[in-house]
Each structure stands twice: as structure tokens, then as C-alpha cells.
Amino acid sequence: AQSVTQLDSHVSVSEGTPVLLRCNYSSSYSPSLFWYVQHPNKGLQLLLKYTSAATLVKGINGFEAEFKKSETSFHLTKPSAHMSDAAEYFCVVSLLNTGFQKLVFGTGTRLLVSP
Amino acid sequence: DAGVTQSPTHLIKTRGQQVTLRCSPKSGHDTVSWYQQALGQGPQFIFQYYEEEERQRGNFPDRFSGHQFPNYSSELNVNALLLGDSALYLCASSLEQGGGYTFGSGTRLTVV
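Just so you know, the sequences run in chain order S and P.
When we follow the numbering used here, the leftmost residue of the first sequence carries the number 2, and every step to the right adds one.
When we follow the numbering used here, the leftmost residue of the second sequence carries the number 6, and every step to the right adds one.
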């Protein structure tokens with residue numbers, strides 16, 4: 002069964018410093034992996050997705066993630082945090098190349114950005 | 006370009022009552038999935054509709070049911086509401102042949 006584990010429930014950074022949000026996955030198949038962001042009282046917005054192409058995936062707003070099969074990890078990074086990055090981030094796994102897709106979400110990491 | 010539209014945005018119901026939530030998918034999308042997000046948790050898959058049929062279901066009781074209409078819009082119905090049903094209910098639309106999901110902003114259901 003596919004699952005993801007987000008290793009930190011909260012991450013605090015200062016504006017302008019790097020961001021690292023950690024995610025490990027478990028999958029019997031070659032996974033599709035995603036990062037979504039959720040701002041307060043908003044829906045989920047796709048940041049980036051990995052679907053077995055390049056292992057380094059670039060997303061929106063300067064975020065990127067690296068798929069490491071040997072470590073079963075898909076950590077999200079950003080070189081320099083901005084105040085507007087404060088939100089809840091979800092690592093998500095999905096079956097690849099099936100007629101039916103079900104997204105399995107991690108428990109989320111709340112990113113706090115201080116001035 | 007209209008994204009996914011959900012209504013209502015907020016709802017308060019009493020235990021034992023029934024509720025219907027509505028979702029209009031993104032233009033061109035034919036598949037609708039519903040998720041429940043309890044406070045402090047990640048979204049949990051409820052079910053998915055395609056061609057007006059429930060195609061897959063998560064670990065939710067039969068009190069949760071749904072419908073998809075010919076125009077691809079969808080409803081989520083919950084009967085005999087429990088306090089534990091209080092959550093943000095998210096609708097996501099997609100294309101059956103693949104591609105990404107587009108999420109709505111959700112309906113916040115509070116059961117008192």
C-alpha cells in the first residue's frame with residue numbers, strides 16, 4: 002500500500018533562510034509524488050509533481066523537490082523563505098499509470114516564517 | 006477560467022441531521038473526487054465519481070453517499086450526522102485519462 006510520512010509537524014524559519022520540509026514514502030510501485038500547499042481557509046494548490054521523469058522537480062514559487070529512490074524520500078526545499086510561504090504543506094502519493102487515481106496525503110507540515 | 010466551485014462554504018448542522026454538499030468541476034474535467042479533512046489532519050479520500058457512477062470508495066461508512074450528474078457536477082450526502090463528521094470537505098476534479106487534480110476551497114461543516 003502507498004503511504005507518505007511527513008517527518009515534522011511544524012517547521013519554523015526566518016524570512017530569507019532556506020526551507021526544508023521532509024517526506025518519506027512507501028510504495029510497491031513506481032510512485033507519483035506531489036507536494037500541495039494549503040493557505041488558511043483556502044483549497045489545496047499543487048506546488049509540484051514527480052512522475053518518473055527527472056528526479057529533481059521544480060515547482061511554483063521557487064520550490065523544488067528531489068526524488069531519492071534509495072532513501073524513499075521526496076523532500077521539499079526552497080532557498081529563501083518569504084512571509085507568504087507560511088502555510089500547511091502536504092506530501093502526497095498516488096498510483097502511477099492506473100485508470101483510477103487516489104491521492105494519499107501525509108499529515109501535513111505547518112511552515113511558520115518569522116520576520 | 007473557472008476552477009472547482011463548492012457550495013456552501015460553511016454549514017452548521019445538528020447531530021442526526023442530513024447534509025448535502027455540492028461541487029462543480031473545472032471546465033473540461035469529467036471526474037470528481039471527495040475528501041474529508043478533519044482539523045489538524047491531511048485529507049482522507051471518501052470516494053470518486055466518473056460517468057455518474059461511484060468508481061472507488063475509501064474507508065467511510067454508508068452514511069456517506071454521493072451522486073454525479075450528466076454535467077459532471079457532484080453532490081456529497083451525509084446522513085445521521087455525528088459530531089465527528091465536523092470537517093472541511095474538499096472536492097477535486099480531474100480528467101479520467103490522467104493529469105492533475107484541481108481542488109476547490111472546500112465546505113466547512115460543523116456538527117453541533
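Backbone N, C-alpha and C fix where the C-beta goes; we use that ideal spot for every residue, glycine too.
Same chain only: Cβ atoms within 8 Å of residue i, ignoring 5 sequence neighbours per side
| i | result |
| --- | --- |
| Gln3 of chain S | Tyr26, Ser27, Ser28, Ser29, Tyr30, Pro32, Val94, Ser95, Leu96 and Val105 |
| Thr10 of chain P | Cys28, Ser29 and Gly109 |
| Gly8 of chain P | Lys31, Thr107 and Gly109 |
| Ser78 of chain P | Arg27, Cys28, Ser29, Pro30 and Val37 |
Test item: CB-CB of residue i and residue j under 8 Å
| i | j | result |
| --- | --- | --- |
| Val5 of chain S | Lys79 of chain S | no |
| Glu57 of chain P | Pro75 of chain P | yes |
| Ser13 of chain S | Ser115 of chain S | yes |
| Gly107 of chain S | Gly47 of chain P | yes |
Neighbourhood of residue i by C-beta, 6 Å cutoff - its chain only, sequence neighbours within 5 removed
| i | result |
| --- | --- |
| Val24 of chain P | Lys18 and Val83 |
| Lys50 of chain S | Phe35 |
| Leu26 of chain P | Leu81, Tyr94 and Thr112 |
| Phe65 of chain P | Ile51 |
| Ser38 of chain P | Gln53 and Ala97 |
| Gly109 of chain S | Glu89 and Phe91 |
| Gly55 of chain P | First, the amino acid is wrong: residue 55 of chain P is Tyr here, not Gly. Counting only Cβ-Cβ distances below 6 Å, and skipping sequence neighbours, we find Thr36 and Glu101. |
| Lys69 of chain S | none |
Cβ separation of residue i and residue j, assumed to be a contact under 8 Å, to the nearest whole Å
| i | j | result |
| --- | --- | --- |
| Ser10 of chain S | Arg111 of chain S | 7 Å |
| Cys24 of chain S | Ser74 of chain S | 7 Å |
Sequence-distant residues of the same chain with beta carbon closer than 7 Å to residue i, five excluded per side
| i | result |
| --- | --- |
| Gln73 of chain P | Val37, Tyr54, Glu57 and Ser79 |
Legend entry - Inter-stretch contact (C-beta, 8 Å, three-pair minimum) for the stretch 87-97 of chain P and the stretch 42-54 of chain P: By the criterion of at least three beta-carbon pairs nearer than 8 Å, the stretch 87-97 of chain P is in contact with the stretch 42-54 of chain P.
Inset, instruction - Flag this pair as touching only if the stretch 11-30 of chain P and the stretch 83-90 of chain S have three or more C-beta atom pairs under 8 Å; answer yes or no. - result: no
Inset, instruction - Could you tell me whether the stretch 33-46 of chain S touches the stretch 68-88 of chain S, using the rule of 3 or more Cβ pairs below 8 Å? - result: Touching, yes, given that three or more Cβ pairs across the two stretches are closer than 8 Å.
Legend entry - Residues of the stretch 27-60 of chain S whose Cβ lies closer than 9 Å to any Cβ of chain P, in chain order: Phe35, Tyr37, Gln39, Asn42, Lys43, Gly44, Leu45, Gln46, Leu47 and Lys50
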